[in-house]
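A.B. asks: So that we are looking at the same thing, I have put the structure below in structure tokens.
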Amino acid sequence: MEKLVIKGRTTLNGEVDINGAKNAAVAILPATVLASKGKCIIDNIPEIEDVECLKQIITDLGGKINTIDSNSVEVDASEISNCEACTEYVRNMRASYYFIGALLGRFKHAKVDLPGGCPIGVRPIDQHIKGFEALGAEVSIEHGTVIVKADRLIGTNIFFDVVSIGATINVMLAAVFAEGTTVLENAAKEPHVVDVANFLNTMGAEIKGAGTDVIRINGVKELKGCSYSVIPDQIEAATFMIAAAASHGDVTVKNVIPKHLESITAKLVEMGTEVTCGDDSVRVRYVGEMKGVNIKTLPYPGFPTDAQQPMCTLLSTVKGRSLIIETIYEARHKHVDELRKMGANIKVEGRTAIIEGVERLTGASVKATDLRAGAAMVIAGIIAEGVTEVHNIEHIDRGYPHIEKKFRALGANIERVSD
Ligand SMILES: CC(=O)N[C@H]1[C@@H](OP(=O)(O)OP(=O)(O)OC[C@H]2O[C@@H](n3ccc(=O)[nH]c3=O)[C@H](O)[C@@H]2O)O[C@H](CO)[C@@H](O)[C@@H]1O
Ligand SMILES: C=C(OP(=O)(O)O)C(=O)O
Numbered sequence: 001m002e003k004l005v006i007k008g009r010t011t012l013n014g015e016v017d018i019n020g021a022k023n024a025a026v027a028i029l030p031a032t033v034l035a036s037k038g039k040c041i042i043d044n045i046p047e048i049e050d051v052e053c054l055k056q057i058i059t060d061l062g063g064k065i066n067t068i069d070s071n072s073v074e075v076d077a078s079e080i081s082n083c084e085a086c087t088e089y090v091r092n093m094r095a096s097y098y099f100i101g102a103l104l105g106r107f108k109h110a111k112v113d114l115p116g117g118c119p120i121g122v123r124p125i126d127q128h129i130k131g132f133e134a135l136g137a138e139v140s141i142e143h144g145t146v147i148v149k150a151d152r153l154i155g156t157n158i159f160f161d162v163v164s165i166g167a168t169i170n171v172m173l174a175a176v177f178a179e180g181t182t183v184l185e186n187a188a189k190e191p192h193v194v195d196v197a198n199f200l201n202t203m204g205a206e207i208k209g210a211g212t213d214v215i216r217i218n219g220v221k222e223l224k225g226c227s228y229s230v231i232p233d234q235i236e237a238a239t240f241m242i243a244a245a246a247s248h249g250d251v252t253v254k255n256v257i258p259k260h261l262e263s264i265t266a267k268l269v270e271m272g273t274e275v276t277c278g279d280d281s282v283r284v285r286y287v288g289e290m291k292g293v294n295i296k297t298l299p300y301p302g303f304p305t306d307a308q309q310p311m312c313t314l315l316s317t318v319k320g321r322s323l324i325i326e327t328i329y330e331a332r333h334k335h336v337d338e339l340r341k342m343g344a345n346i347k348v349e350g351r352t353a354i355i356e357g358v359e360r361l362t363g364a365s366v367k368a369t370d371l372r373a374g375a376a377m378v379i380a381g382i383i384a385e386g387v388t389e390v391h392n393i394e395h396i397d398r399g400y401p402h403i404e405k406k407f408r409a410l411g412a413n414i415e416r417v418s419d
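Every letter in the sequence shown is one number past the one before it in UniProt numbering, and letter 163, counting from 1, is 163.
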């Protein structure tokens, strides 16, 4: 077991490079399974544990993985014949559910264990199932395994009851080979949904409308390997922007798409921070006392739920009262108990965290209760007085590449040590 040990009260300064997006990469890798000919060469893959799990799952299915370098991988899925993914790798992460859609699309049947992922609330997959069934598949869940089969998949109109990133992408993966046209309505509009659609189109799919709430997919007969580069990680970028403001620093976050960060930028500006956008960078500079703000998490382009936990750390030391209303997940305030150990004054009422800014946090031994809670605790450690130990960092490693090295390069005093 490892932990992060942070000596606090440091100000972050300098430049940080953002890696490829976790939530795009973890969909694109399963999507490579759809290519029955040729190899996919995927660049800008982040070095995170979820990616390692996906590579293992693809290998177990019979695919060939060639790791070109730390951020590039070649996948040859042409000889895949096994359609069962029922291992710890599948059960330990969220995005393994994309193998259901991808295998159903290509082979018309699959057995995939139910996914894991961050413990942030109830995470049903009923909308994924609704979509697969609408395309003509029979779906059952037996002993924790999702079993899907279809004689044919036939395009149809599907109106999602909730806006779901997972369901939108998963049904898109199955529908690329459905006969005729599939129309997904009330689809998720996140940048990674667009990235997956662009990847599938590069392989030969015919998908239009990704990025709006109506996506049209004309079924094709075959997809082929291609070269593709994953978009920058909106949430990793948001984490460093928030950390810059929290530490009263001056950080240029590079290799980003500023448009994807508008909801974060807007809140930081509202708080009184200076944010300057370049073509592919965002500079966040502390310019004097910040004020509390209210945040409501919403699907894109609203404020992302994945960035609210780091934001909670920032607001915990900003003068005045702030509210964070979490509308996506009912249990995404577990980091609050940990922040309280560090002296934060935060009350949770239902889905709302009510934050009364304190002068400073003090170091403590805390847990990463999930991935972004982990990032929230790292930022807390950087700004707190004294030493903070962050435990259970396996959650952080699922989604942040080299978090301690990146923060260290900005001036943080942070070490990874064996527990
Ligand atoms: C691997 C990945 O991309 N994970 C992201 C993805 O998770 P994930 O794809 O699991 O999240 P969804 O967008 O599907 O979930 C959004 C909301 O819809 C509900 N829902 C979802 C599916 C379903 O079939 N039925 C249903 O009711 C969920 O409980 C949640 O309240 O989007 C979340 C919301 O932005 C992010 O926090 C995660 O980082
Ligand atoms: C909730 C997250 O991840 P996952 O869906 O993979 O659990 C996240 O990336 O913040």
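From the three backbone atoms N, C-alpha and C, an ideal C-beta is built for every residue, glycine too.
Using only the heavy atoms of ligand 1, determine whether one of them is closer than 7 Å to the beta carbon of Tyr89.
C.D. replies: Result no, Cβ not under 7 Å from ligand 1.
A.B. asks: For ligand 2, is there any heavy atom lying closer than 7 Å to the beta carbon of Thr120?
C.D. replies: Here residue 120 turns out to be Ile, not Thr, going by the sequence shown. Checking every heavy atom of ligand 2 against the Cβ of Ile120, one is found closer than 7 Å.
A.B. asks: Note down, in chain order, each residue of its chain lying with its Cβ closer than 6 Å to the Cβ of Lys7, except the 5 sequence neighbours on either side.
C.D. replies: So the list reads Val387, Asn413, once near-sequence residues are dropped.
A.B. asks: Let me check you understand the geometry: is the CB of Ile414 closer than 7 Å to at least one non-hydrogen atom of ligand 4?
C.D. replies: Within the structure as shown, ligand 4 is missing, the only ligands being ligand 1 and ligand 2.
A.B. asks: Is any non-hydrogen atom of ligand 1 found closer than 7 Å to the C-beta of Asp126, if you look at the structure I gave you?
C.D. replies: Under cutoff, so the answer is yes.
A.B. asks: Tell me whether residue 424 counts as near ligand 2, meaning its Cβ is closer than 7 Å to at least one heavy atom of that ligand.
C.D. replies: The question about residue 424 has no answer, for the chain in this structure spans 1 to 419.
A.B. asks: Taking the Cβ atom as the reference point for each residue, do Gly20 and Leu410 lie within a distance shorter than 8 Å?
C.D. replies: Contact: no.
A.B. asks: With DSSP run on the structure shown, which of helix, strand or coil describes Val5?
C.D. replies: Residue state, collapsed to three classes: strand.
A.B. asks: Using a Cβ-Cβ cut-off of 7 Å (strictly less than) and excluding sequence neighbours within five positions of Val318, which residues of its own chain qualify?
C.D. replies: So the list reads Met271, Met290, Lys291, Gly292, Gly357, once near-sequence residues are dropped.
A.B. asks: Leaving out the 5 sequence neighbours to the left and right, which residues in its chain are closer than 8 Å to Val282 when beta-carbon positions are compared?
C.D. replies: Taken in chain order, the residues that qualify are Ala237, Met241, Thr252, Val253, Val256, Pro258, Leu261, Thr265, Val275, Thr276.
A.B. asks: Excluding five sequence neighbours on each side, which residues of the same chain lie with their C-beta closer than 6 Å to the C-beta of Thr202?
C.D. replies: Cys226, Tyr228.
A.B. asks: Looking at the structure shown, is residue 459 part of a helix, part of a strand, or coil, going by DSSP?
C.D. replies: Absent from the model: residue 459. The displayed extent of the chain is 1 to 419, so no value can be given.
A.B. asks: Tell me whether Val146 sits in a helix, a strand or coil according to DSSP, three-state version.
C.D. replies: Three-state DSSP puts Val146 in a strand.
A.B. asks: Between Ala243 and Asp250, how many whole angstroms is the CB-CB distance? I'm expecting something under 8 Å.
C.D. replies: Contact doesn't hold; Cβ gap of about 12 Å is too wide.
A.B. asks: Just tell me which of Met1, Glu2, Leu12, Lys3 has its CA closest to the CA of Arg408.
C.D. replies: Closest by alpha carbon: Leu12.
A.B. asks: Return the residue from the list Ala150, Gly144, Leu339 that minimises the CA-CA distance to Gly136.
C.D. replies: Selected option, being the one with the closest Cα: Ala150.
A.B. asks: Using beta-carbon positions only, say whether Thr305 and Glu326 come within less than 8 Å of one another.
C.D. replies: Yes; because the gap between Cβ atoms is below 8 Å, this pair is in contact.
A.B. asks: How would you label Asn345, buried or exposed, when you count the other beta carbons within 10 angstroms and need 16 or more for buried?
C.D. replies: With fewer than 16 other Cβ atoms within 10 Å, it is exposed.
A.B. asks: Under 8 Å, do Pro401 and Pro46 count as touching if we go by C-beta distance?
C.D. replies: Yes, Cβ-Cβ distance for Pro401 and Pro46 is below 8 Å.
A.B. asks: Check for me: the alpha helix (DSSP H) holding Ile242 runs from which residue to which?
C.D. replies: Residues 234-246.
A.B. asks: For a minimum of 4 consecutive residues, which ranges assigned as the alpha helix (DSSP H) are wholly contained in the stretch 22-54?
C.D. replies: You should have 22-31.
A.B. asks: Please confirm if the stretch 55-72 is in contact with the stretch 85-93, defined as three or more CB-CB distances below 8 Å between the two stretches.
C.D. replies: Verdict: yes, contact present.
A.B. asks: Does the beta-carbon of Gly399 have 16 or more other beta-carbons within 10 angstroms, so that it is buried, or is it exposed?
C.D. replies: Result: buried.
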